[in-house]
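Report on the structure given below.
In my numbering, the protein residues as written are 1337 to 1785.
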């Protein structure tokens, strides 16, 4: 009997250790794909050190072979990563030796060979002949698909990635070479997008089952993916947040089709916008890179807040209740916003220039009003109660880098809203305060923040 109990404990211990190995490999791959600096205190290395020794045999396949699905990293990032990895493996071996482990463990030879080859290429004379910044590099954000509740085929998301990552969605972004140096990726550029993205995914985790739509319809995640949703992103930049929304919408729509006999379910839409020029082209490239260019529910469009603000500066009139309404000769941008009539508005890291804060606030106001007007029209046409649908809402994530600029942005929001106190949710991101504002249109036409 005692022997059987010992065997059971041994088997359980083996299973636990196997799960720890899978988790460690998975975490390393996710951080490596996102080009998180291995020297950063935020990088989560396997612990205890013996776990790192146990996973090293898998790292050549998991991280460095392009046919395994991860986008190849720049040579400089690989070099810094391998240097840090080998140093940590050496420390782990020393600790094992101090504890009396006389097993013949050593650093994986393939890791040494790869590191040596990278050192040789870095010291090549031809490298110094290349002028200018390093070439652009593609980074890859991996996040958990909502498979726990949505019946999505696991095979659809594989794309050749290692089995430890088969259940993850992938977002591919291309950043300028100057943002990826010495093993860092300029991740701070995307801190607000990442924070709001995490907020969206967390709102799914905290929402009830998709079958209970009445209970969950006010969650941010559901407001993005529900049938008929129209998500407008302001200042999309390279498009990380917009791609996330598009992928979540596609997954949810597929699940809805599989679980419903109604073939007329209208898929959600996402509109990614920025100023015309190179930024908008980069945004279009991101959409194509993530296989969304042929999707009928993903749109890329120019939207200049300053032009929108100029066109309406002298064209606003008031109705009998004192509410501001656009004049009949509203600009093409306002007309476009009316045609989009967003149900949810997203913006991240957009208050970086005091001169843009006013136009941004006005753009948010116009978008809220356009969405609310469409909502009221649809409610009346279908004879529904006004409060049966969630309010048109804007979520703006702003990192507090410059207090003066931040104050200008707050004042701009107060200018276009009713004189109500602000409610905000504070997040700590990259050691800076990040504020996520929640704004919606009140029934009297004023904006509530």
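Beta carbons are placed, not taken as given, at the ideal position from N, Cα and C, and that holds for glycine. Just so you know, these numbers come straight off a predicted model, no measurement behind them.
Between the CA atoms of residue 1734 and residue 1398 - distance to the nearest angstrom: Against the chain shown, residue 1398 aligns to sequence position 62. Against the chain shown, residue 1734 aligns to sequence position 398. Those two C-alpha atoms are separated by around 35 Å.
Under the DSSP definition of a beta bridge, which residues are partnered with residue 1636? Here residue 1636 refers to the residue found at position 300 of the chain shown. DSSP, once it has assigned bridges, lists 1608 as partnering residue 1636.
Under 8 Å between the Cβ atoms of residue 1609 and residue 1568? As a first step, residue 1609 must be located in the chain shown, where it is residue number 273. As a first step, residue 1568 must be located in the chain shown, where it is residue number 232. Contact flag set, yes.
Taking the beta carbon of residue 1717 as the centre, do at least 16 other beta carbons fall within 10 Å, making it buried, or is it exposed? One-based indexing of the chain shown puts residue 1717 at position 381. When all chains shown are included, residue 1717 counts as exposed.
For residue 1573, count neighbouring Cβ atoms within 10 angstroms of its own Cβ and tell me buried if that reaches 16, exposed if not. Translated into positions along the chain shown, residue 1573 becomes position 237. It counts as buried.
Rounded C-alpha distance that separates residue 1383 from residue 1422: Taking the first residue of the chain shown as 1, we reach residue 1383 at position 47. Taking the first residue of the chain shown as 1, we reach residue 1422 at position 86. Residue 1383 and residue 1422: Cα-Cα distance of roughly 15 Å.
Between the CA atoms of residue 1412 and residue 1374 - distance to the nearest angstrom: Here the question's residue 1374 lines up with position 38 in the chain shown. Here the question's residue 1412 lines up with position 76 in the chain shown. So the two alpha carbons sit approximately 12 Å from each other.
Within 10 Å of its beta-carbon, does residue 1434 have 16 or more other beta-carbons around it, so buried, or fewer, so exposed? In the chain shown, counting from the first residue as 1, residue 1434 sits at position 98. Per the 10 Å Cβ criterion, exposed.
Residue nearest to residue 1588 in terms of C-alpha spacing, selected from 1537, 1419, 1353: Start at 1 with the first residue of the chain shown, and residue 1588 comes out as number 252. Comparing Cα-Cα distances from residue 1588 to each of 1537, 1419, 1353, the minimum goes to 1537.
Rounded to whole angstroms, what is the Cα-Cα separation between residue 1575 and residue 1697? Walking along the chain shown from the start, residue 1575 turns up at place 239. Walking along the chain shown from the start, residue 1697 turns up at place 361. Straight-line Cα distance between these residues: approximately 21 Å.
Figure out for me which residue from 1393, 1623, 1706, 1385 has the closest Cα to the Cα of residue 1430. For the purposes of this step, residue 1430 is taken as residue 94 along the chain shown, with counting starting at 1. Looking at the Cα atoms, 1385 is the closest of the given residues.
Following the continuous beta strand (DSSP E) through residue 1700, name the residue where it begins and the one where it ends. Looking up residue 1700 in the chain shown gives position 364. From DSSP, residue 1700 is part of no beta strand (DSSP E) but of the alpha helix (DSSP H) over 1690-1717.
Option in 1715, 1674, 1692 with minimal Cα separation from residue 1704: On the chain shown, position 368 is the one that residue 1704 refers to. Nearest option by C-alpha distance: 1674.
Segments assigned beta strand (DSSP E), at least 3 residues, entirely inside the segment 1550-1597: 1566-1570
Please confirm if the segment 1627-1634 is in contact with the segment 1600-1607, defined as three or more CB-CB distances below 8 Å between the two stretches. Cβ pair count under 8 Å is three or more, so yes.
Is the beta carbon of residue 1643 sitting closer than 8 Å to the one on residue 1616? Residue mapping note: residue 1643 aligns to position 307 of the chain shown, counting from 1. Residue mapping note: residue 1616 aligns to position 280 of the chain shown, counting from 1. Not closer than 8 Å, so no.
How many Å lie between residue 1590 and residue 1677 at the Cα? Mapped onto the chain shown, residue 1590 falls at position 254. Mapped onto the chain shown, residue 1677 falls at position 341. Spanning the two alpha carbons is a distance of roughly 24 Å.
Rounded to whole angstroms, what's the CA-CA distance from residue 1730 to residue 1621? Just pull it up for me. Along the chain shown, read from residue 1 onward, the residue named residue 1730 stands at position 394. Along the chain shown, read from residue 1 onward, the residue named residue 1621 stands at position 285. Whole-angstrom Cα-Cα distance: 26 Å.
Backbone CA spacing between residue 1441 and residue 1371 [nearest angstrom]: Walking along the chain shown from the start, residue 1441 turns up at place 105. Walking along the chain shown from the start, residue 1371 turns up at place 35. Going by the C-alpha atoms only, they are around 28 Å apart.
Count the other C-beta atoms from every protein chain shown that fall within 10 angstroms of the C-beta of residue 1511, then say buried if there are 16 or more, exposed otherwise. The residue you call residue 1511 lines up with position 175 of the chain shown. Buried, because 16 or more other Cβ atoms sit within 10 Å of the Cβ of residue 1511.
Please go through the same chain and pick out, in chain order, the residues whose beta-carbon is closer than 8 Å to the beta-carbon of residue 1788, but skip the five residues on each side of it. Not covered by the structure: residue 1788. The range shown for the chain is 1337 to 1785.
Contact belief for residue 1680 with residue 1559 at Cβ below 8 Å, rounded distance in angstroms: Within the chain shown, numbered from 1, the residue matching residue 1680 stands at position 344. Within the chain shown, numbered from 1, the residue matching residue 1559 stands at position 223. Cβ atoms of residue 1680 and residue 1559 come within 8 Å of each other, at about 5 Å.
Is the Cβ-Cβ distance between residue 1389 and residue 1428 less than 8 Å? What you label residue 1389 is simply residue 53 of the chain shown in a count that begins at 1. What you label residue 1428 is simply residue 92 of the chain shown in a count that begins at 1. Yes, they are a contact pair.
Pairwise C-alpha distance: residue 1692 and residue 1743: As a first step, residue 1743 must be located in the chain shown, where it is residue number 407. As a first step, residue 1692 must be located in the chain shown, where it is residue number 356. Distance between the alpha carbons of residue 1743 and residue 1692 is about 13 Å.
Count the other CB atoms, across all protein chains shown, that sit within 10 Å of the CB of residue 1685; report buried if there are 16 or more and exposed otherwise. Taking the first residue of the chain shown as position 1, residue 1685 is located at position 349. When all chains shown are included, residue 1685 counts as buried.
May I ask which residues mark the beginning and end of the beta strand (DSSP E) holding residue 1505? Your numbering for residue 1505 matches position 169 in the chain shown. Looking at the DSSP string, the run of the beta strand (DSSP E) that includes residue 1505 is 1504-1511.
Residue range of the beta strand (DSSP E) that includes residue 1480: Your numbering for residue 1480 matches position 144 in the chain shown. Segment 1473-1480, the beta strand (DSSP E) holding residue 1480.
State the Cα-Cα distance for the pair residue 1363 and residue 1624, rounded to the nearest angstrom. Against the chain shown, residue 1363 aligns to sequence position 27. Against the chain shown, residue 1624 aligns to sequence position 288. Rounded to whole angstroms, residue 1363 to residue 1624 spans 27 Å at the Cα level.
Buried or exposed: residue 1500, going by 16 or more other Cβ atoms within 10 Å of its Cβ? The residue labelled residue 1500 in the question sits at position 164 within the chain shown. Counting Cβ neighbours within 10 Å, residue 1500 comes out buried, since at least 16 surround it.
Top-ranked residue by Cα proximity to residue 1508, from 1474, 1533, 1480, 1502: As a working mapping, residue 1508 is identified with position 172 in the chain shown. Closest by alpha carbon: 1474.
What separation, rounded to the nearest whole angstrom, lies between the Cα atoms of residue 1707 and residue 1406? Within the chain shown, the letter at position 371 stands for residue 1707. Within the chain shown, the letter at position 70 stands for residue 1406. The alpha-carbon atoms of residue 1707 and residue 1406 are separated by roughly 39 Å.
May I have the straight-line CA-CA distance separating residue 1602 from residue 1627, to the nearest angstrom? The residue labelled residue 1602 in the question sits at position 266 within the chain shown. The residue labelled residue 1627 in the question sits at position 291 within the chain shown. Going by the C-alpha atoms only, they are around 21 Å apart.
DSSP puts residue 1536 in a beta bridge; with which residues? Taking the chain shown and counting its residues from 1, the one referred to as residue 1536 is at position 200. Residue 1536 is not bridged to any residue.
Kindly indicate which residue of 1592, 1476, 1579 has the alpha-carbon position closest to the one of residue 1563. Mapped onto the chain shown, residue 1563 falls at position 227. With distances taken between Cα atoms, residue 1563 lies closest to 1592.
On the criterion of 16 or more Cβ atoms from any shown chain inside 10 Å, does residue 1410 qualify as buried, or is it exposed? Looking up residue 1410 in the chain shown gives position 74. Buried is the call here.
Return yes when the Cβ of residue 1570 is within less than 8 Å of the Cβ of residue 1683, no when it is not. In the chain shown, residue 1683 corresponds to position 347, counting from 1. In the chain shown, residue 1570 corresponds to position 234, counting from 1. Contact flag set, yes.
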